[in-house]
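The sequence shown begins at -16 in my numbering and counts up one residue at a time. Idealized CB from N, CA, C, for every residue including glycine.
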Amino acid sequence: MSTSPPVALTIATSDPSGGAGIQADLKTFSALGAYGTAVLVALTAQNTRGVTGIHVIPSSFITEQIDTLFADVHVDAVKIGMLADSAVIHTVAEALRRHRPGTVVLDPVMVATSGDRLLEKDAVRDLREQLVPMADLLTPNLPEAAALLDEETARTRAEVERQAVGLCALGARRVLLKGGHAEDQDESADLYVDGDTMTWLRVPRVLTRNSHGTGCTLSSAVAALRPQRPDWESAVRDAKDYVTDALAAADTLAVGSGNGPVHHFHAWWGTR
């Protein structure tokens, strides 16, 4: 008997350590009941302690990957992650304009958990102009939001709310502004903006150094869940709950000596 799960596509970069990027996205899709597909735009040499190299895939082959996939597979949701440089951004934007997927979640990855830069500085403008207007949901953290707006990082609730509205003004239909980089040590507060509706999503902060891939995981969780939920807010809330649980279980893994990964399969491995 065949099944037809929702199909989610990640367009992003490989992380050999498995905690972020394409690998984290595919794990998240599987954990949340979506069939995962992937288009690689770059490769990294990376472990839990940092990134030592980035190799960008030629634009023509990125295009061939996307066009070949869409020619055969119906894609329900697309998650876009690290894109490395302007050429990749333009290539992905052109492909999305051709294929017009129904759901696009854009995670504007710029800097890794280790602090290594993952997007060239001069590519931020292209990301803002080419892909942000295509996003059904934009999921920046506080420093990424500031970079997209060319402002200082928000430090107060009022500043966060103002910047979230500013991101919507750039063309994103919805924004989930992640507050994990905020100075509040007691809670993790994300701001979700959809039209005129502004909702704070608050959970107790999980104290762990093993947070590698948190942003990738959250955006891919929303992409996986949106086809399975009645509306965007419920998909966002359930995605945040999944990431919170994955963070809470992160210390049960022993992977690497740096910032270890969240536990994508906590609901299954923990039952052994």
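By the C-beta criterion, the segment 219 to 234 is judged not to be in contact with the segment 134 to 153, since fewer than 3 inter-stretch pairs fall below 8 Å. By DSSP's assignment, A21 forms a beta bridge with T(-7).
For R185, the enclosing beta strand (DSSP E) starts and ends at 180 to 187. Take the alpha-carbon of I(-6) and the one of V88: they are about 10 Å apart. Between the C-alpha atoms of Y175 and R185 there is a straight-line separation of about 11 Å.
For the 8 Å CB-CB criterion, G2 and T27 do not form a contact. According to DSSP, G36 shares a beta bridge with A28. Selection G19, L190, H57 evaluated against A233 yields L190 as nearest (Cα-Cα). Here DSSP, grouped into helix, strand and coil, assigns R157 to strand.
Bridge pairing for Y225: absent [DSSP]. Cα atoms of N242 and H82: separation of roughly 37 Å, rounded to the nearest angstrom. In the structure shown, E47 falls within a helical segment according to DSSP collapsed to helix, strand and coil. Taking a contact as a CB-CB distance under 8 Å, the pair A7 and G196 counts as one, their CB atoms being some 4 Å apart. Just so you know, the alpha carbons of D(-2) and T86 end up roughly 24 Å apart. Contact check for S69 against A106 passes: the beta carbons are separated by less than 8 Å. In the three-state scheme derived from DSSP, where H, G and I count as helix and E and B as strand, E135 is classed as coil. When the five nearest sequence neighbours on each side are left out, the beta carbons in the same chain lying within less than 8 Å of the beta carbon of D109 are those of S69, I72, H73, in order along the chain.
Counting along the chain, L208 sits inside the alpha helix (DSSP H) bounded by residues 197 to 208.
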